[in-house]
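*Asks:* The structure under discussion is supplied below as structure tokens; questions concerning it will follow.
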Amino acid sequence: MPVLTRLIPSPVVVDIRPGALDDLGCVLADERVSHSGKLAVAVSGGSGARLRERLAPSLPGASWYEVGGGTLDDAVRLAGAIKAGHYDAVVGLGGGKIIDCAKFAAARVGLPLVAVPTNLAHDGLCSPVATLDNDAGRGSYGVPNPIAVVIDLDVIREAPVRFVRAGIGDAVSNISAIADWELAHRVKGEKIDGLAAAIARQAGEAVLRHPGGVGDTDFLQVLAEALVLSGIAMSVSGDSRPSSGACHEINHAFDLLYPRRAAAHGEQCGLGAAFAMYLRGAHEESAYMAGVLRRHGLPVLPEEIGFSTQEFVRAVEFAPQTRPGRYTILEHLDLTTDQIKDIYADYVKAIGS
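Counting from 9, one number per residue, gives the positions in the sequence shown under my numbering.
Structure (structure tokens):
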């Protein structure tokens, strides 16, 4: 009997622990990553640049490139700068914008990427997607998974705590996203990748159910692992479905309708997930999720991130337009403005003030 299987695109190295950066040189010396030590290291002007002094002595063959921001133009410029360097790999060292620029540039020149995030703001650190600002607003570009991911929890602790909170919101929103995927399967016959769904769901549940807080090393370990697993789940399924449903549609609506006022991605996704769970009738689950988000200092009401009820209702109403073709609880219910207002009022009562 033949044994049928599939290959799962995933990093060859995942190192998540306090002090992991001390061994970055050893990771990069792995012949699967770099056989010559010639590396292009993309850094930000902030956290990445500060780490350059610490890491440069252990990376004698590296060339360092400072990336100005997280735009498509920044990523194209980075690709142009490194394409003639005969490098073995690209290292993205910094926050999410730098990682995404490095992902895009590495894909453009055909090199593997090593992701070394300095915060845990969202699940893009190991996903097959680079999110970059462009002339039309913001675009998502398909790229290969990183060949290695190194997350030093000591470095994560040094980042502003709001980044950890945002990562919590993004991880927990997986639970709502999977519920939307299952709904699309029941109503529209959309195929579910069971492995991708299981990985993403368990990543979200691990963060949701963990009793620790943002200052606990064991909680940061679980959160970092959950964000990496969420990225791998997207690679398994071939799209963002395992981690993006109504929660992310609401997030995108905030970004598009109120671009100068939008909060962090994970903050908006966490709020969107708690409300989407309520929309689908999972009232106890919604209240529990909202309670956990509150415990970690995340918003569960729009006014907590500077939006009025009317603005939130508008965002929910507009949200389905952000992802044409994606079926979630928002498309399923097809709510009117007044219905959204009424359900939101009930949601506020259900989760308490």
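Think of the CB as a built atom: it goes at the ideal place given N, C-alpha and C, for glycine as much as any other residue.
If the criterion is Cβ atoms closer than 8 Å, does the pair L67 and G118 meet it?
*Replies:* no
*Asks:* Please list, in chain order, all residues of the same chain as P17 whose beta carbon is under 6 Å from its beta carbon, the five residues on each side excluded.
*Replies:* N153, S243
*Asks:* Which ranges would you report for the alpha helix (DSSP H) in the region 219-269 if only whole runs of at least 4 residues count?
*Replies:* 225-245, 254-265
*Asks:* Take A327 as the anchor and find which of D247, I258, V20, K105 has the nearest alpha-carbon.
*Replies:* I258
*Asks:* One question on the structure: do H256 and G278 come within less than 8 Å of each other, judged by their Cβ atoms?
*Replies:* no
*Asks:* Could you have a look at Y95 and say whether DSSP puts it in helix, strand or coil?
*Replies:* coil
*Asks:* Have a look at S148 and A208 and give me their C-alpha separation to the nearest angstrom.
*Replies:* Distance from the CA of S148 to the CA of A208, rounded to the nearest whole angstrom, comes to 19 Å.
*Asks:* Within the continuous beta strand (DSSP E) that includes V75, where are the two ends?
*Replies:* Run containing V75: none; DSSP gives neither H nor E here.
*Asks:* Using three-state DSSP, classify G100 as helix, strand or coil.
*Replies:* strand
*Asks:* For the beta strand (DSSP E) that contains T336, what are its first and last residues?
*Replies:* First-last for T336: undefined, no H or E at that position.
*Asks:* Under 8 Å: do the region 124-140 and the region 100-107 share three or more Cβ pairs, one atom per stretch?
*Replies:* yes
*Asks:* DSSP three-state call for T344: helix, strand or coil?
*Replies:* coil
*Asks:* Determine the direct distance from the alpha carbon of S71 to that of P65, and round the result to whole angstroms.
*Replies:* 12 Å
*Asks:* Go through the region 15-88 residue by residue and report every complete run of the alpha helix (DSSP H) that reaches 4 residues or more, in order.
*Replies:* 32-37, 55-63
*Asks:* Figure out for me which residue from D23, A97, P136, S52 has the closest Cα to the Cα of V41.
*Replies:* A97
*Asks:* Give the range of the alpha helix (DSSP H) segment to which D188 is assigned.
*Replies:* 169-196
*Asks:* Compare the Cα-Cα distances from K196 to each of L203, G202, D188 and report the closest residue.
*Replies:* D188
*Asks:* Should the region 306-322 be called in touch with the region 209-218, which here means at least 3 C-beta pairs below 8 Å?
*Replies:* no
*Asks:* Could you pull the start and end residues of the alpha helix (DSSP H) that G280 belongs to?
*Replies:* For G280, the enclosing alpha helix (DSSP H) stretches over residues 273-287.
*Asks:* For L216, I'd like the list of residues in its chain whose CB is within less than 6 Å of its CB, leaving aside the five on either flank, ordered along the chain.
*Replies:* V180, V300
*Asks:* Under a Cβ-count criterion, where at least 16 other Cβ atoms within 10 Å of its own Cβ denotes burial, should L231 be classed as buried or exposed?
*Replies:* buried
*Asks:* In the DSSP output, which residue or residues are listed as bridge partners for T139?
*Replies:* S148
*Asks:* Roughly how many angstroms lie between the CA atoms of G132 and L235, to the nearest whole one?
*Replies:* 8 Å
*Asks:* Excluding sequence positions up to five away, which residues of its chain have a Cβ less than 7 Å from the Cβ of H43?
*Replies:* Closer than 7 Å at Cβ, skipping near neighbours: D96.
*Asks:* If V75 sits next to V51, beta carbons under 8 Å apart, how far is it from one beta carbon to the other, in whole angstroms?
*Replies:* 7 Å
*Asks:* Tell whether a beta-carbon distance below 8 Å holds between G54 and D141.
*Replies:* no
*Asks:* How would you label P168, buried or exposed, when you count the other beta carbons within 10 angstroms and need 16 or more for buried?
*Replies:* exposed
*Asks:* Does the beta-carbon distance from A37 to G27 come in below 8 Å?
*Replies:* Their beta carbons are not under 8 Å apart, which means A37 does not touch G27 by this criterion.
*Asks:* Once you ignore the five residues that flank K111 on each side, which residues in its own chain have a CB closer than 6 Å to its CB?
*Replies:* L121, A138, V151
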